[in-house]
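S.K.:
Numbering (the UniProt record's numbering), first residue to last: 1 to 359.
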């Protein structure tokens with residue numbers, strides 16, 4: 001028989017059954033000027049702890065299951081012309097001794113991407129990354145390129161626009177590694193490319209031009225911060241106030257289509273830049289060389305899922321203090337759990353999505 005799916009958005013169950021007075025949640029939002037060329041506090045993963053004072057240094061969360069999860073961030077501006085560069089210093093390998101049999105537990109990818117791609121640098125079209133394993137990747141296609149790099153190294157990446165092409169290249173500790181990609185500008189479809197880092201258990205710092213170069217730079221290239229901001233393309237901006245943010249809570253039994261609905265809804269509303277908090281979303285961020293984690297995991301899968309659940313709770317706690325839009329992709333079938341989870345998002349526009357499958 002044909003299956004039908006019923007999905008509806010409804011007011012938050014927490015709001016409709018609220019038992020306690022509203023509470024004030026302290027936001028963790030730094031002062032940011034629109035003209036600042038830094039790591040983006042908004043266009044980044046929640047499990048990447050960006051230094052709020054400078055916005056030039058970041059450390060991924062590593063405890064428990066977070067050690068398997070990549071954490072990324074883009075720069076606040078992207079580019080369509082010129083000869084641009086920036087540098088990344090691999091400050092420190094985070095301690096992940098709790099990970100067993102994990103291939104390449106400390107890796108950083110560096111490159112450029114368009115604003116409409118995910119944080120998984122090198123795993124989608126128009127997302128170009130060079131990783132510490134010595135490979136470059138785009139759209140999950142990994143190719144041998146330069147030498148491996150790691151803790152203490154400085155990687156410089158270059159982006160050059162000609163009349164017809166865009167060219168991406170790299171150097172490691174001042175040693176130029178030649179062209180990684182040279183492609184027609186038409187492939188960008190008019191989109192701009194932004195600096196992008198993706199870390200797996202590596203603390204890193206970026207030099208966008210706010211300080212002297214960390215080594216030799218190729219001639220005629222300009223640090224992104226020194227490029228005229230009026231010729232650059234501004235990245236997405238966080239909501240101006242908490243009441244502009246949304247929290248959509250999925251409600252339904254396992255395998256009833258919640259994740260599919262959440263992913264489709266987010267794609268249909270790209271301007272909202274929804275952060276999906278759910279087990280499947282975390283598993284997607286655990287890929288090994290672009291391949292699904294499940295095909296590259298020797299441990300018990302149920303234990304990994306349990307670790308993911310603990311990570312989700314932490315991400316919800318972090319998200320409650322940030323100005324973003326969220327979709328919570330869990331079963332959430334019990335009213336008490338719904339109220340408890342939504343309580344920290346007081347001030348958000350809250351909705352519940354009841355998702356059921358029936359014959």
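Note that the Cβ used here is the ideal one computed from N, Cα and C, for glycine as well. These numbers were taken from a predicted model, which means no experiment stands behind them.
Measure the alpha-carbon distance for residue 21 versus residue 349 and round it to whole angstroms.
M.R.: Summary for residue 21: the model assigns pLDDT 48, below 50, so the residue's position carries little reliability; its value from the coordinates is reported in the next sentence. When rounded, the distance between both Cα atoms is 17 Å.
S.K.: So for residue 131, helix, strand or coil by DSSP?
M.R.: strand
S.K.: Looking at C-alpha atoms only, which residue of 37, 182 and 26 is the closest neighbour of residue 163?
M.R.: Here the closest residue by C-alpha is 182.
S.K.: Expressed to the nearest angstrom, what Euclidean distance is found between the alpha-carbon atoms of residue 209 and residue 144?
M.R.: 29 Å
S.K.: Between the Cα of residue 25 and those of 323, 331 and 351, spot the shortest distance and give me the residue it belongs to.
M.R.: 323
S.K.: Buried or exposed: residue 141, going by 16 or more other Cβ atoms within 10 Å of its Cβ?
M.R.: So residue 141 counts as exposed.
S.K.: Ordered along the chain, which non-local residues of its own chain (more than five positions away) have a Cβ less than 7 Å from that of residue 133?
M.R.: 104, 107 and 148
S.K.: If you scan the stretch 273-338 from start to end, which runs of the beta strand (DSSP E) of 3 or more residues do you find wholly inside it?
M.R.: 275-278 and 326-329
S.K.: Please state the DSSP three-state secondary structure of residue 175.
M.R.: strand
S.K.: By DSSP's criteria, residue 109 is part of a beta bridge. Which residues make up the other side?
M.R.: Bridge partners of residue 109: 131 and 198.
S.K.: Residues bridged to residue 349 by DSSP?
M.R.: Partner residues in the beta bridge of residue 349, as assigned by DSSP, are 246.
S.K.: Using DSSP with H/G/I as helix, E/B as strand and the rest coil, what is residue 341?
M.R.: helix
S.K.: Which residue comes first and which comes last in the alpha helix (DSSP H) that contains residue 265?
M.R.: In the DSSP annotation of this structure, the continuous segment of the alpha helix (DSSP H) that includes residue 265 starts and ends at 258-268.
S.K.: How far does the beta strand (DSSP E) with residue 238 in it reach, from first residue to last?
M.R.: Counting along the chain, residue 238 falls outside any beta strand (DSSP E), and DSSP gives it neither H nor E.
S.K.: Distance, Cα to Cα, residue 126 vs residue 293?
M.R.: 23 Å
S.K.: Quick one: give me the first and last residue of the beta strand (DSSP E) that residue 41 is part of.
M.R.: 39-44
S.K.: Are there three or more Cβ pairs, one per stretch, closer than 8 Å when the stretch 252-267 is compared with the stretch 33-45?
M.R.: no
S.K.: As a quick exercise: from 237, 154 and 279, pick the residue whose alpha carbon is nearest that of residue 176.
M.R.: 154
S.K.: Going by the beta-carbon positions, is the gap between residue 37 and residue 77 smaller than 7 Å?
M.R.: Between residue 37 and residue 77, the C-beta spacing is below 7 Å.
S.K.: For residue 15, which of helix, strand or coil comes out of DSSP?
M.R.: Unreliable placement is indicated for residue 15, whose pLDDT of 47 sits below 50; no coordinate value is reported for it.
S.K.: Three-state secondary structure (DSSP) at residue 226?
M.R.: helix
S.K.: Do residue 90 and residue 204 have their C-beta atoms within less than 7 Å of each other?
M.R.: Contact flag set, yes.
S.K.: DSSP three-state call for residue 188: helix, strand or coil?
M.R.: Reduced to three states, the DSSP call for residue 188 is helix.
S.K.: Under 6 Å Cβ to Cβ from residue 232, same chain only, skipping five residues before and after it: list those, please.
M.R.: Contacts found: 77 and 79.
S.K.: Alpha carbons only, please: which of 313, 256, 310 and 116 is nearest the one belonging to residue 236?
M.R.: 116
S.K.: What is the rounded straight-line gap between the Cα of residue 230 and the Cα of residue 254?
M.R.: Residue 230 and residue 254: Cα-Cα distance of roughly 49 Å.
S.K.: Just verifying my parser: in three-state terms, what is the DSSP assignment at residue 271?
M.R.: Here residue 271 sits in helix by DSSP.
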